[in-house]
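Chemist: Could you have a look at this structure, given as structure tokens, before my questions?
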Amino acid sequence: MPPRKRKPVELWDRPPHTGAKHDLLRSYLGAWFPIMAKYNGRVLYYDAFGGPGKYRGGEPGSPLIALQTLVEHSHFASMSGTQFVFLINEQDSGCAEHLEAEIEAFKAAHQPWPSNVVIQVNNETFVDLTTSMIDDFDERAVKMAPTFAFVDPVGVKETPMAVLARLSNYPKAEMLVYFAHEFVVRFCSSGEVDERLDDLFGTDEYKAGGDLTGRRRSQFIHDLYKRQLHDVCEFPYIQSFEMWDGRGKRLYDLYYCTHDTTGLDRMKAAMWKVAPSGDFSFRDRFADQDVIFAETPDTGPLRQELLDHFRGRTVTIQEVIDHVVAETPYTSSHVKRLTLAPMQHDGLISSPNQKRARQFPDGTLIQFPD
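With positions in the sequence shown counted from 1, the corresponding number in the numbering used here is that position plus 1319.
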């Protein structure tokens, strides 16, 4: 008897907020690929939940977005000395087959295919693939190449904190992780999904959210997951972004995790650059205020943060920039012209060695009032 034909994969529409997430991925990888190629002979892009490759309307999924961002990059020719490995995983076998077909079509449209771009499609769970990969590295006593992992599951059961921690155990590993914030807020005290949430957080402390309501519960869950990424995964730098719709509903959170402030600054720059408008917005909670990422940033919260943090001190411009990048939602590009210059104009700061007012070259000292 001939084998039964597999039922064709039924594609789905791409939600508008997913488009915003993909714009962020495209913008960040556009900066990440050339930076990594400059200093490394091999880099890894790991798409943990690749999907079928395309949506019903023909829009590309994250694996094709990543591939397109690299091979169509204006500086791709100068990256020929670096091997780019695309490890793309999809747990559903039908979607994995469809994804492979889409990748083959993409390669056919980009012939001759560059020899330094290697693609591997896997049909496993995220847990199994990541565990076997790290086990192999450990057994061979080799280090993982600089890695960007896009961890974008459906729901909460596929990304245990313990597995993220194994993936993060390399100084050049970074991740962009989806977090189903509203689901967790709703079910943290229900007792219905405790096993999943225990794995997700790597602790059962989320249950304490049941004693809280409204904004306090929401912030508690957000802060706990961020703390676990810091403590368990040992990421020193984490920036979270909240996706909201036009009706004031929080859809999900994204957590960018890295060991390096350069990547942190680049990711935040990408977030400000592609910030959606109209029906959706990216937000973060900072200094007890909602910071909405927009084309024209509101640096009011940043001004107050700098006045509070550096109160009564004289510091270098680099100290200010380092603090902004590491501890706030803002980027290095927001510091001088958009924040310090207006503060000096308003008489809020001064400088003992500045040659021209509202100019802050390297070495400039800034005095903050008591």
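Positions of the beta carbon are idealized from the N, C-alpha and C atoms, including for glycine.
DSSP on alanine 1484, reduced to helix/strand/coil?
Modeler: Alanine 1484 falls in the helix class under three-state DSSP.
Chemist: With C-beta atoms as the reference, is proline 1696 less than 9 Å away from phenylalanine 1605?
Modeler: There is simply no residue 1696 to check, as the chain begins at 1320 and stops at 1689 in what is shown.
Chemist: Alpha carbon to alpha carbon, how far is leucine 1709 from alanine 1481?
Modeler: Because the chain is modelled from 1320 through 1689, residue 1709 falls outside the range shown and cannot be assessed.
Chemist: Please state if the CB of serine 1600 and the CB of methionine 1562 are separated by a distance shorter than 9 Å.
Modeler: Yes, the pair counts as a contact, with Cβ atoms nearer than the cut-off.
Chemist: Leaving out five residues before and five after alanine 1367 in sequence, what residues of the same chain have Cβ atoms less than 6 Å from its Cβ?
Modeler: Correct list, in chain order: Asn1408, Phe1445, Val1470.
Chemist: Return the CA-CA distance between glutamate 1511 and serine 1669, expressed in angstroms with no decimal places.
Modeler: Taking the straight line from one Cα to the other gives about 57 Å.
Chemist: Could you name the residues of the same chain whose beta carbon sits closer than 8 Å to that of valine 1437, not counting the 5 residues immediately before and after it, in chain order?
Modeler: Within the same chain, valine 1437 has close Cβ partners Gln1402, Phe1403, Val1404, Phe1405.
Chemist: In chain order, what residues of the same chain lie with their CB nearer than 8 Å to the CB of tryptophan 1331, ignoring the 5 residues before and after it?
Modeler: Tyr1374, Arg1375.
Chemist: Taking DSSP as the reference, what is the three-state secondary structure of leucine 1418?
Modeler: Correct three-state label for leucine 1418: helix.
Chemist: Could you tell me which residues DSSP pairs with alanine 1573 in its beta bridges?
Modeler: The sequence as given places leucine at residue 1573; alanine does not occur at that position. Paired residues: Tyr1497, Phe1560.
Chemist: Taking the straight line between their C-alpha atoms, what separation do you get for phenylalanine 1456 and lysine 1568?
Modeler: Between phenylalanine 1456 and lysine 1568, the C-alpha separation is close to 42 Å.
Chemist: By DSSP, does arginine 1323 sit in helix, in strand, or in coil?
Modeler: Since pLDDT at arginine 1323 reaches only 44, below the 50 mark, its modelled position is unreliable, and the value read off the structure follows with that caveat. Arginine 1323 falls in the coil class under three-state DSSP.
Chemist: Using the Cα positions of proline 1334 and histidine 1341, report the straight-line distance between them to the nearest angstrom.
Modeler: The alpha-carbon atoms of proline 1334 and histidine 1341 are separated by roughly 11 Å.
Chemist: Pull up the distance between the alpha-carbon of glycine 1377 and that of leucine 1573, whole angstroms please.
Modeler: Each residue's alpha carbon lies about 25 Å from the other.
Chemist: Compare the beta carbon distance of alanine 1460 and asparagine 1359 with 9 Å and say whether it is the shorter of the two.
Modeler: Their beta carbons are not under 9 Å apart, which means alanine 1460 does not touch asparagine 1359 by this criterion.
Chemist: Name the DSSP beta bridge partners of isoleucine 1407, please?
Modeler: Its beta-bridge partners are Asp1366, Val1440.
Chemist: Can you say whether proline 1431 is buried or exposed, counting buried as having 16 or more other CB atoms within 10 angstroms of its CB?
Modeler: Classification of proline 1431: exposed, given that the 10 Å Cβ count is below 16.
Chemist: Could you tell me which of Ser1651, Met1494, Ala1676, Ile1354 sits nearest to methionine 1662, measuring between CA atoms?
Modeler: Ranking Ser1651, Met1494, Ala1676, Ile1354 by Cα distance to methionine 1662 puts Ala1676 first.
Chemist: Give me, in chain order, the residues of the same chain whose beta-carbon lies closer than 6 Å to that of aspartate 1689; leave out the 5 immediate sequence neighbours on both sides.
Modeler: Counting only Cβ-Cβ distances below 6 Å, and skipping sequence neighbours, we find Gly1631.
Chemist: Which residue comes first and which comes last in the beta strand (DSSP E) that contains aspartate 1609?
Modeler: Per DSSP, aspartate 1609 belongs to the beta strand (DSSP E) from 1608-1611.
Chemist: If you draw a straight line from the alpha carbon of threonine 1478 to that of alanine 1415, how long is it in whole angstroms?
Modeler: Answer to the nearest angstrom: the Cα atoms are 19 Å apart.
Chemist: So the beta strand (DSSP E) glutamine 1430 belongs to, where does it begin and stop?
Modeler: Here glutamine 1430 belongs to no beta strand (DSSP E), and DSSP marks it neither H nor E.
Chemist: Using 8 Å as the threshold, is the stretch 1509-1527 in touch with the stretch 1536-1551, meaning 3 or more CB pairs across them?
Modeler: As far as the Cβ criterion goes, the stretch 1509-1527 touches the stretch 1536-1551, which means the pair count is three or higher.
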